[in-house]
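Protein chains: 2
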Amino acid sequence: MNDTKKIGRPRGFDESEALEAAMNTFWAKGYDGTSMKDLTSAMGISGPSLYATFGDKRELYLKTIDLYADVDGCAPVVAFETEADIETAVRDFLATVISYSTHSEGGPKGCFLASCVATTVGEVEGVDERMEKAIRDTDARLARRFENAIAAGQLAKDFPALERGRLLHDMRQGYVHRSRAGWSADRLLEDIDDRVRMVLGT
Amino acid sequence: MNDTKKIGRPRGFDESEALEAAMNTFWAKGYDGTSMKDLTSAMGISGPSLYATFGDKRELYLKTIDLYADVDGCAPVVAFETEADIETAVRDFLATVISYSTHSEGGPKGCFLASCVATTVGEVEGVDERMEKAIRDTDARLARRFENAIAAGQLAKDFPALERGRLLHDMRQGYVHRSRAGWSADRLLEDIDDRVRMVLGT
DNA sequence: TGACTTTATTATTGATCGATACAAAAATAA
DNA sequence: TTATTTTTGTATCGATCAATAATAAAGTCA
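Chains as they are written, first to last, in the working numbering: chain A, 1 to 202; chain B, 1001 to 1202.
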């Protein structure tokens, strides 16, 4: 790190905070639905500062996708990876998805990738590779956790880890979709027991 | 029907064809990403004709949603309802989803509701109720087919029809999401056997 | 202090947005 | 024919879009 003070006038804002604010704005309004004025007000900076720091609208958008992939987008996956018991892990994954999808304090709902980024594939250059990678990485992480459970004797040896991981991933897409359509957390939690059973195949 | 000729200059375009062209445009570019110029070129009509016939942009958008819900959006569901054997029905449903999601001849990909309409909930007035209704109706139709299979002795009596139907629905969301991210039909078809097994719980 | 470097503010750019006013064109009704 | 009704094409509206030029402000250097 370089803590030495730089020459020139110092920044009046925090770069990562501004980037997170931009992500939340894109998340809530979509790429095309977000204007530069929306961004500058939410980020608390002026147009020229935005362009000097983050580039144009498209480059800023790609940076918010990277931020989400690296930091923010993994809460349910992390919950799934950290819980020791595999059945509890699946349940926690789904519960975290539902919680994050429905618990919005004026903020955005659901998954940034599924709700916003997915609609800009083929429209905004640079989104395609990021989407592809995000899905592949998540599938792999979910599958690895299942394989650990197999190795620990919690699941049968012929348990199809990758396919079940993909199913879990797609369940998340479904919950995000339903929460977008106005379903409450209680309604989504209704069949969580069935879902756990279906994922584990018991 | 009223086949008597109307007074005044006759229309130079077909209303339902124009509406379908509008739907495909929204489908491909999203609501905010579609300009009135995009619409008029795709529909082959002029601005004033569009406003006189369909109202403003928002009203036209809602009409395309209704068109999709009534006619176009049900191909996989219809496949699921018409096939007699339940296992084949599930397989046909998923195969149809994959086919429709990936087989784009320059046209739009995936599901209009999932890929486009879902992102305008809370942004465009009138979308919310339509999304909610579309999901509820599809869940109910899928569940009814499962119940028929139970009544026909093809499935166990304690088979949770509604929950399995919802799972099938969410699998569709997942396939649409993956196809948007660039997955080919072949890749999506890879684990279709596992999916059939997971839905039927066998 | 004053020269230099970087950021912030203000004002504005040409382009495009969604939406219309107006009048010519094309049909029926008299 | 002439009058009436509806749709058409043209031309354009004010507002907003993404993006910048020009200048003031705030810091480190000598």
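Where a beta carbon is used, it is the ideal one built from N, C-alpha and C, also for glycine. If you're wondering where the values come from, they're calculated on a predicted model, not measured in any experiment.
Counting C-beta atoms within 10 angstroms of its own C-beta, T82(A) has fewer than 16 neighbours from the protein chains shown and is therefore classed as exposed.
Look at Q173(A) here: in three-state DSSP terms it is helix. Listed by position along chain B, the residues whose Cβ is nearer than 7 Å to that of I135(A) are R1178, A1181. Around the Cβ of E1129(B), a 10 Å sphere holds fewer than 16 other Cβ atoms; the residue is exposed.
For I150(A), the secondary structure class from DSSP, reduced to helix, strand or coil, is helix. For K157(A), there is no enclosing alpha helix (DSSP H), since its DSSP letter is neither H nor E. With a contact defined as Cβ atoms closer than 8 Å, P1076(B) and Y1100(B) qualify at about 7 Å. Around S115(A), the beta-carbon contacts reaching into chain B at under 9 Å are A1118, T1119. Secondary structure of W1027(B) (DSSP, three-state): helix.
Residue environment analysis places A140(A) among the exposed positions, since fewer than 16 neighbouring C-beta atoms fall within 10 angstroms of its C-beta.
Ranked by Cα distance from E87(A), the first of N148(A), C111(A), S115(A), T40(A) is N148(A).
Cβ neighbours of C1111(B) within its own chain (closer than 6 Å, five residues either side excluded): V1176. Distance from E1020(B) to L1067(B) at the Cβ level is roughly 7 Å; contact confirmed, criterion being Cβ atoms closer than 8 Å.
Three or more Cβ pairs closer than 8 Å define a contact, and the stretch 114-133 of chain A falls short of that threshold against the stretch 187-194 of chain A.
With respect to chain B, the C-beta atom of L167(A) has a partner C-beta closer than 8 Å. For the stretch 1024-1042 of chain B, the set of positions with a beta-carbon nearer than 9 Å to some beta-carbon of chain A reads A1028, K1029, G1030, Y1031, D1032, G1033, T1034 in chain order. Annotation: R9(A) to S46(A) spans about 15 Å, alpha carbon to alpha carbon. Going by DSSP, R58(A) is part of the alpha helix (DSSP H) stretching over 57-67. A direct Cα-to-Cα measurement between R1011(B) and A1022(B) gives close to 17 Å.
By the neighbour-count criterion, in which 16 or more other beta carbons inside 10 Å mark a residue as buried, E1163(B) falls on the buried side.
A direct Cα-to-Cα measurement between V1097(B) and K6(A) gives close to 56 Å. Taking the C-beta atoms as reference points, L168(A) is found nearer than 8 Å to V199(A). When the five nearest sequence neighbours on each side are left out, no beta carbon in the same chain lies closer than 7 Å to the beta carbon of A151(A).
The alpha-carbon of L1094(B) is positioned some 13 Å away from that of R1178(B).
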